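Participant:
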Amino acid sequence: MKSAWHRIGIASWWGLNLITIPFTLTAAYGGMVNPATTTLPAIMAMTYPAWALLTIGLLGISLAVRPLRKAAILPGVVILLSLPATLSYAPVNLHIFSKNDADAGNTFSVMSYNVYGLVDIYADKDAAQHDTAADTSNPTAAYLLKRDADIMFLQEFPGFHPKKRDFTYPRAQADSLEKRYPYVTAESQEYLLSRFPFKPIELRQPSDPYSWFTAAVADIEGHETLLVCVHLQSIGLTGADKELYRDLTDGEGRGQLRRARQQLLGKLSHAFRERASEARLLRAQIDSLAINNVIVAGDFNDIPGCYAMRTICGDDFHNAFSDAALGPIITYHANRFYFHIDHILYRGDMEAVEFKRGECPNSDHYAVETVFRWKN
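Counting with the numbering used here, you get residues 405 to 780 for the letters of the sequence shown.
1) Mark residue 603 as exposed unless 16 or more other C-beta atoms lie within 10 angstroms of its C-beta, in which case mark it buried.
2) Which word fits residue 577, buried or exposed, when buried means at least 16 other C-beta atoms lie within 10 angstroms of its C-beta?
3) For the region 718-750, which segments carrying the beta strand (DSSP E) assignment without a break, of at least 3 residues, lie completely within its bounds, in sequence order?
4) Determine the DSSP secondary structure at residue 493, reduced to helix, strand or coil.
5) Quick one: what's got a C-beta closer than 8 Å to residue 730's C-beta in the same chain, skipping five residues either side?
6) Could you name the residues that DSSP lists as bridge partners for residue 598?
7) Measuring straight from C-alpha to C-alpha, what distance separates residue 543 and residue 527?
8) Examine the Cβ distances between the region 469-489 and the region 732-740 and report whether three or more of them are shorter than 8 Å.
9) Can the beta-carbon of residue 492 be found closer than 7 Å to that of residue 670?
10) In the structure shown, what three-state DSSP assignment does residue 516 receive?
11) Let me confirm a value: residue 780 is counted as buried when at least 16 other C-beta atoms fall within 10 Å, else exposed. Which label applies?
12) Count the CB pairs spanning the region 419-439 and the region 703-719 that are closer than 8 Å, and state whether there are at least three.
13) Smallest Cα separation from residue 627: which of 412, 447, 699?
14) Which partner residues does residue 697 have in the DSSP bridge list?
15) Which residue comes first and which comes last in the alpha helix (DSSP H) that contains residue 460?
16) Buried or exposed: which applies to residue 423, given that a residue is buried once 16 or more other Cβ atoms fall within 10 Å of its Cβ?
17) Please state if the CB of residue 546 and the CB of residue 513 are separated by a distance shorter than 7 Å.
18) Measuring straight from C-alpha to C-alpha, what distance separates residue 619 and residue 469?
19) Quick one: Cα of residue 558 to Cα of residue 597, how far?
20) Using DSSP's beta-bridge definition, name the partner residues of residue 761.
21) Would residue 584 be called buried (16 or more neighbouring beta carbons within 10 Å of its own) or exposed?
22) Does DSSP classify residue 544 as helix, strand or coil?
23) Out of 465, 440, 445, 449, which has the shortest C-alpha to C-alpha gap to residue 791?
24) If you draw a straight line from the C-alpha of residue 607 to the C-alpha of residue 636, how long is it?
25) When the Cα atoms are used, what is the spatial distance from residue 535 to residue 615?
26) Rounded to whole angstroms, what is the Cα-Cα separation between residue 450 and residue 431?
27) Starting from residue 617, trace the alpha helix (DSSP H) both ways and give me its first and last residue.
28) Could you check how far apart the C-beta atoms of residue 646 and residue 766 are, in whole angstroms? I think they sit under 8 Å.
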């Protein structure tokens with residue numbers, strides 16, 4: 405006869421599995437809820453990888469311990485129900501785009517990169533500012549030249565010839581970039597650079613002064629294509645906010661949870677609502693232009709499957725990461741905020757055949773890069 409403690413242990417294990425179900429599923433599909441209604445699901449969605457790993461762990465333990473095996477049905481069902489969310493974080497695309505694919509023609513490459521003003525986050529702030537005559541290479545600018553994408557969507561880019569006191573890279577690198585990309589348009593510090601000819605177009609801008617849309621209609625190998633570089637609403641954390649977050653992640657934030665809820669969650673909630681509004685504004689303008697081929701890329705300041713991304717995508721856009729990547733990535737890596745917030749979305753007569761995250765760590769973001777192939 406089984407002891408009371410044995411029965412209590414089994415019941416507790418079932419209880420633990422049951423408790424995790426609503427949290428995991430809310431985190432998996434929180435991006436479907438309009439932040440104007442409530443932002444809690446969107447905040448939960450940011451934690452989905454942790455809930456997914458917990459659920460996988462519960463499944464593994466249940467299968468490994470004979471008395472707990474029947475309980476495996478609960479995490480097993482949750483894993484199946486949340487599979488679309490899991491694949492949005494860690495897609496499984498096994499085809500490897502090769503040089504032969506590129507040589508076959510009919511392809512073009514795109515990079516999206518928040519370059520942080522070309523300031524090196526690992527260098528002293530003053531030392532990172534180069535004189536126009538200096539021959540010291542800026543690592544982020546060097547990376548842009550090395551990758552040599554056909555079209556670049558750049559956020560927080562200082563331009564080719566900023567004022568000397570703000571000049572963050574050598575003149576030679578600036579001249580090389582300017583010569584390599586003859587077609588350029590910008591909205592504040594959000595730049596579109598292209599080898600293909602394009603005509604800049606004006607879009608109605610978001611109300612936030614640090615959110616922008618930069619757009620142009622390009623002729624890419626005979627295909628009319630709308631290009632939109634975006635920088636959506638950021639959380640807007642101050643130095644004090646970041647210090648509080650570091651304290652919490654160091655385990656030193658005891659007694660500060662209430663202040664964290666007020667400072668951090670309040671700003672998160674505001675940002676979710678603003679991004680939703682900006683996404684609706686952008687989608688309406690894309691629809692009004694009625695152009696079949698569209699690429700929207702940039703710093704979304706939000707995760708895969710978020711409400712803003714779903715709003716822009718509608719039923720006709722694809723995510724290049726979902727279509728061509730293998731496994732999870734992070735694109736923001738500063739201040740212990742490790743999230744995938746840079747995205748490339750597209751629709752029309754093209755398909756993403758390669759997706760990779762850049763390797764240059766000197767900005768607070770990593771670049772994301774895609775190779776597109778025309779279907780006809």
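Every residue, glycine too, gets a C-beta built ideally from N, C-alpha and C. On a predicted model such as this, the values are computed, not experimentally measured, just so you know.
Facilitator: On the basis of the data shown:
1) exposed
2) buried
3) none
4) helix
5) 495, 496, 497, 498
6) 555, 587
7) 11 Å
8) no
9) no
10) strand
11) exposed
12) yes
13) 699
14) 629
15) 452-468
16) exposed
17) no
18) 57 Å
19) 8 Å
20) 772
21) exposed
22) helix
23) Lying before the first or after the last residue shown, residue 791 is absent from the chain, which here runs from 405 to 780.
24) 14 Å
25) Because the pLDDT at residue 535 is just 46, under 50, the model does not fix this residue reliably, and the point stays unresolved.
26) 7 Å
27) Run containing residue 617: none in the alpha helix (DSSP H); it sits in the beta strand (DSSP E), 616-624.
28) Contact flag wrong, Cβ pair sits at about 19 Å.
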